[in-house]
Each structure stands twice: as C-alpha cells, then as structure tokens.
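Here's the structure, in structure tokens; my notes come after.
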Amino acid sequence: QQLSNLSAAQWLDQNTTKLDIDILFYNAHLQSYSVHKQTFRFAEDGFVKLYFRHETFLAEPYRNILWIIPDIFFGIIILRMLYTEMLELVPACMAGLDGFCGYLEFWNIIDWLAIIIGIVVSV
5 QQLSNLSAAQ WLDQNTTKLD IDILFYNAHL QSYSVHKQTF RFAEDGFVKL
55 YFRHETFLAE PYRNILWIIP DIFFGIIILR MLYTEMLELV PACMAGLDGF
105 CGYLEFWNII DWLAIIIGIV VSV
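In structure tokens, the structure reads:
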C-alpha cells in the first residue's frame, strides 16, 4: 500500500540522481540485528549503479560477562590519556594565552584527537 502511494505521488522521477534505502532486520533466533544499506545512483545517460552494504551485530554484545574486559581496558587507557593531557593543559592555560599557544604542539593535538576518537568509538 505504501509503495503504491509513493509511486502515485511520483517521488521518483527523471530528476532523481540518488536513492538510498536503509533496512533494519532483527533475527530473534540468533539475537542479532542486520542493517542493509542500498544506494542507487542514476546517471544522466540512464545508467544505474548499485551500491550495497550489509552489517550484522549482536543485540546483546555482553552476553558473556568476560567480553566486557577489553572494553574496560580500552576505557582505562583513554581515561589515563585524558588525565595526563589535563596535567599538561591546566598549567599551560594558567600561564595565559602564550602558555596555551605553547601547549598546542603537533603531538598534543594528536593526543587530543586520539582521546576524542576513543571516546566516540567507546560510546
């Protein structure tokens, strides 16, 4: 019904250049989710190129309590990096703008990028 309504509304016409379809499946037997992403790219000459990606992951990632140990270690490493960078950053900021500018060296920026990416990945 929905597909026929969309077709009648002409949501896909000759001006369409890209169509994305994302579908989420749940497998109750395996207790897992699967994400299917499909992209159709429409060229001006009528050529249609199809891209797709399929990813499956567990609905309950810590089914076994021991599986959380690597994540705890990762979190500890990220928190330790944050602590050591803060030990450098706070005195530099206390020295004013010149101290902060002196703190912004290549490797300190790399450390902060690693901390931010580590937090984003762990969440």
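The opening residue of the sequence shown carries number 5 in the numbering used here; numbering runs sequentially from there.
Think of the CB as a built atom: it goes at the ideal place given N, C-alpha and C, for glycine as much as any other residue.
Thinking C-alpha only, which one of the options is nearest residue i?
{"i": "Leu54", "options": "Lys22, Gln6, Leu93", "result": "Lys22"}
{"i": "Gln18", "options": "Gly79, Met85, Val52", "result": "Val52"}
Using the DSSP secondary-structure output, state which residues sit across from residue i in a beta bridge.
{"i": "Asn31", "result": "Ser36"}
{"i": "Arg45", "result": "Lys22, Lys53"}
{"i": "Phe78", "result": "None, per the DSSP bridge assignment."}
Am I right that residue i and residue j are in contact with their C-beta atoms under 8 Å? What's the rounded C-beta distance?
{"i": "Leu10", "j": "Ser36", "result": "Leu10 to Ser36, Cβ: 30 Å. No contact."}
Using only the alpha-carbon positions, how far apart do residue i and residue j sit?
{"i": "Leu7", "j": "Gly122", "result": "42 Å"}
{"i": "Gly106", "j": "Ala99", "result": "10 Å"}
{"i": "Ile27", "j": "Glu109", "result": "44 Å"}
{"i": "Ile69", "j": "Ile82", "result": "21 Å"}
{"i": "Ile72", "j": "Arg45", "result": "41 Å"}
{"i": "Ala32", "j": "Pro65", "result": "14 Å"}
{"i": "Leu93", "j": "Arg57", "result": "42 Å"}
{"i": "Lys41", "j": "Cys97", "result": "46 Å"}
{"i": "Leu91", "j": "Pro74", "result": "26 Å"}
{"i": "Glu59", "j": "Leu86", "result": "32 Å"}
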